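Inspection log for the structure reproduced underneath, given as structure tokens.
In the numbering used here, the protein residues as written are 11 to 371.
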């Protein structure tokens with residue numbers, strides 16, 4: 011909270027400090043005078059500490075409704091960094107610039123997990139208020155419990171502002187959300203760093219949840235297998251395995267309540283099946299479109315040049331990748347040669363790319 015100040019024509023009294031690391035970086039204390047901007051002309055953000063504020067700095071300030079600001083200048087004091095979760099009292103863990111509650115059973119974590127799941131599946135019937143009610147009432151203690159609400163309709167109806175029609179709509183929406191691809195299931199769990207795109211890459215190698223859970227028993231081999239997937243490094247591989255392991259029972263319970271359907275696959279026996287490509291330089295079409303054409307014919311597109319690469323598709327101003335490919339003996343081709351490999355069908359039948367979304371909890 012700050013004393014009201016007009017920024018870009020708007021009276022601001024609340025700003026973001028993001029995290030513990032930002033407070034430390036700015037060297038900020040309670041009672042300081044600060045500089046505030048509106049990033050993107052929307053979100054107020056403190057960007058600089060200008061020293062201690064004085065009583066004179068508060069004179070003439072008004073709230074957005076025109077009423078005078080009458081609070082006294084607070085005594086200068088250090089911002090106390092919390093050590094316990096305010097909801098469950100678990101000792102907080104420091105993760106870089108962030109503080110995290112590591113208690114998987116924390117009510118706040120459960121509520122955010124439910125909201126994340128619902129947003130990924132476009133379940134509009136469950137917002138923050140209802141998620142809080144479902145958890146505090148004991149109706150829901152895991153994601154799987156969402157799909158047991160039909161068995162507890164009477165208790166559901168006892169919630170504040172939950173009428174018969176609202177309950178029926180919610181239950182119908184939940185029922186309709188049961189069918190999903192494995193990649194959607196994994197990405198909607200809210201595992202750290204495992205969003206839709208990463209989940210899709212993982213599911214190109216791992217076809218069932220049972221297979222993924224079996225991999226937990228052979229950790230080293232599992233990591234080695236996962237890092238062979240383009241754009242999956244050791245950090246992401248370990249985060250995936252840790253996330254599944256920590257939530258194993260609840261994930262299996264949830265999995266039993268939903269229906270996994272087969273997603274769209276790239277051609278497994280196309281003209282480029284088993285071949286790996288890297289694309290560099292300026293081409294006649296965006297690289298993403300050319301990559302989609304390669305993938306549509308079973309080829310694999312990677313981001314770096316190595317001795318295992320089959321082809322480097324090179325355009326103008328290729329630079330270091332072309333030099334490395336030449337040194338390693340990788341075959342270098344242009345768009346015309348790629349067109350020949352595709353049977354003359356380059357970019358004629360481009361599959362629609364998956365739209366990526368944001369957010370993790």
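Every residue gets a Cβ at the ideal spot worked out from N, C-alpha and C, and that includes glycine. Keep in mind it's a predicted model, so treat the numbers as computed, not measured.
Problem - Residue from 50, 56, 86 and 75 whose Cα sits closest to the Cα of residue 63 - result: Sequence index remark: in the chain shown, residue 63 carries index 53 (1-based). Comparing Cα-Cα distances from residue 63 to each of 50, 56, 86 and 75, the minimum goes to 86.
Problem - Start-to-end residues for the alpha helix (DSSP H) that takes in residue 246 - result: Within the chain shown, the letter at position 236 stands for residue 246. Unbroken alpha helix (DSSP H) run through residue 246: 244 to 256.
Exercise for the section: Over the uninterrupted beta strand (DSSP E) stretch that includes residue 103, give me the two end residues. Expected result: Along the chain shown, one-based indexing puts residue 103 at 93. For residue 103, the enclosing beta strand (DSSP E) begins and ends at 103 to 105.
Problem - Run of the beta strand (DSSP E) containing residue 312, from where it starts to where it stops - result: For the purposes of this step, residue 312 is identified with residue 302 of the chain shown, where counting begins at 1. Per DSSP, residue 312 belongs to the beta strand (DSSP E) from 310 to 312.
Problem - Euclidean distance between Cα positions of residue 316 and residue 326 - result: As a first step, residue 316 must be located in the chain shown, where it is residue number 306. As a first step, residue 326 must be located in the chain shown, where it is residue number 316. Their backbone Cα atoms lie some 20 Å apart in a straight line.
Exercise for the section: Rounded to whole angstroms, what's the CA-CA distance from residue 229 to residue 203? Just pull it up for me. Expected result: Residue numbering aside, residue 229 sits at position 219 when the chain shown is read from its first letter. Residue numbering aside, residue 203 sits at position 193 when the chain shown is read from its first letter. Residue 229 and residue 203 have their alpha carbons spaced roughly 19 Å apart.
Exercise for the section: Return the chain-ordered ranges of every beta strand (DSSP E) run that is complete within the stretch 103 to 190 and spans a minimum of 3 residues. Expected result: When DSSP assignments are scanned along the stretch 103 to 190, the uninterrupted stretches of beta strand (DSSP E) that are 3 or more residues long and fall wholly within it turn out to be 103 to 105 and 108 to 110.
Practice task
Can you say whether residue 20 is buried or exposed, counting buried as having 16 or more other CB atoms within 10 angstroms of its CB?
Solution key: Along the chain shown, read from residue 1 onward, the residue named residue 20 stands at position 10. It counts as exposed.
Practice task
Would you check if the distance between the CB atom of residue 47 and the CB atom of residue 91 is smaller than 8 Å?
Solution key: Here residue 47 refers to the residue found at position 37 of the chain shown. Here residue 91 refers to the residue found at position 81 of the chain shown. In this structure, residue 47 sits away from residue 91, with a CB-CB distance that is not shorter than 8 Å.
Handout entry: Top-ranked residue by Cα proximity to residue 215, from 269, 192 and 198
Key = In the chain shown, residue 215 corresponds to position 205, counting from 1. Among 269, 192 and 198, the Cα nearest to that of residue 215 belongs to 192.
Practice task
Go to residue 303, then tell me how far its alpha helix (DSSP H) extends in each direction, as first and last residue.
Solution key: Position 293 of the chain shown, counting from 1, holds the residue named residue 303. 297 to 306 is the extent of the alpha helix (DSSP H) around residue 303.
Practice task
Tell me whether residue 357 sits in a helix, a strand or coil according to DSSP, three-state version.
Solution key: The residue given as residue 357 occupies position 347 in the chain shown. Note that residue 357 scores a pLDDT of 49, beneath 50, so its modelled location is shaky; the value from the coordinates is reported in the next line. The answer is coil: DSSP assigns residue 357 none of H, G, I, E or B.
Problem - Nonlocal neighbours in the same chain, by C-beta distance under 8 Å from residue 247, ignoring five residues either side - result: Here residue 247 is taken as the residue at index 237 of the chain shown, counted from 1. Closer than 8 Å at the Cβ level, and outside the excluded window around residue 247, lie 232, 233, 236 and 237.
Problem - Inter-residue spacing [alpha-carbon to alpha-carbon] between residue 223 and residue 257 - result: Position 213 of the chain shown, counted from the start, is the residue given in the question as residue 223. Position 247 of the chain shown, counted from the start, is the residue given in the question as residue 257. Distance between the alpha carbons of residue 223 and residue 257: 11 Å.
Problem - Candidates 183, 168, 167 and 118, of which the one nearest residue 152 by Cα - result: What you label residue 152 is simply residue 142 of the chain shown in a count that begins at 1. The candidate whose alpha carbon is nearest that of residue 152 is 118.
Handout entry: Inter-residue Cα distance where the pair is residue 210 and residue 140
Key = In the chain shown, the residue the question calls residue 210 occupies position 200. In the chain shown, the residue the question calls residue 140 occupies position 130. Computed Cα separation, rounded: 30 Å.
Handout entry: Sub-8 Å separation of residue 177 and residue 131 beta-carbons
Key = Walking along the chain shown from the start, residue 177 turns up at place 167. Walking along the chain shown from the start, residue 131 turns up at place 121. Cβ distance not < 8 Å, so residue 177 and residue 131 don't count as in contact.
Exercise for the section: Ignore the nearest five residues each way along the sequence and tell me which others in residue 240's own chain have a CB closer than 8 Å to its CB. Expected result: Within the chain shown, the letter at position 230 stands for residue 240. Around residue 240, the same chain offers 211, 310, 311, 312 and 313 as residues with beta carbons nearer than 8 Å, after the five sequence neighbours per side are excluded.
Practice task
Could you say if the stretch 286 to 296 and the stretch 166 to 186 meet the contact criterion of at least three C-beta pairs nearer than 8 Å?
Solution key: No, the stretch 286 to 296 is not in contact with the stretch 166 to 186.
Problem - Cβ neighbour criterion (16 or more within 10 Å) applied to residue 336 - result: Against the chain shown, residue 336 aligns to sequence position 326. The residue is exposed, with fewer than 16 neighbouring Cβ atoms inside 10 Å.
Problem - Endpoints, alpha helix (DSSP H) assigned at residue 231 - result: Working through the chain shown from its first residue, we reach residue 231 at position 221. Note, residue 231: alpha helix (DSSP H), 229 to 237.
Problem - Anticipated Cβ contact below 8 Å, residue 24 with residue 54, distance rounded - result: Position 14 of the chain shown, counting from 1, holds the residue named residue 24. Position 44 of the chain shown, counting from 1, holds the residue named residue 54. With a contact defined as Cβ atoms closer than 8 Å, residue 24 and residue 54 qualify at about 7 Å.
Exercise for the section: Starting from the C-beta of residue 393, find all residues in its chain whose C-beta is less than 8 Å away, skip the five residues before and the five after it, and write them out in chain order. Expected result: Outside the displayed range of the chain (11 to 371) lies residue 393, so it cannot be described from this structure.
Practice task
Keeping to the same chain, check which residues put their C-beta closer than 7 Å to that of residue 172; ignore five residues upstream and five downstream.
Solution key: The count along the chain shown starts at 1 and reaches residue 172 at position 162. Counting only Cβ-Cβ distances below 7 Å, and skipping sequence neighbours, we find 166.
Exercise for the section: Output the distance between the C-alpha atoms of residue 328 and residue 134, rounded to the nearest integer angstrom. Expected result: Your numbering for residue 328 matches position 318 in the chain shown. Your numbering for residue 134 matches position 124 in the chain shown. Rounded to whole angstroms, residue 328 to residue 134 spans 47 Å at the Cα level.
Exercise for the section: Whole angstroms is fine: what's the gap from residue 260's alpha carbon to residue 109's? Expected result: Along the chain shown, one-based indexing puts residue 260 at 250. Along the chain shown, one-based indexing puts residue 109 at 99. Going by the C-alpha atoms only, they are around 25 Å apart.
Practice task
Can you tell me which of the three DSSP states residue 95 falls into?
Solution key: Reading the chain shown from its first residue, position 85 is the one you call residue 95. Residue 95: coil per DSSP, three-state reduction.
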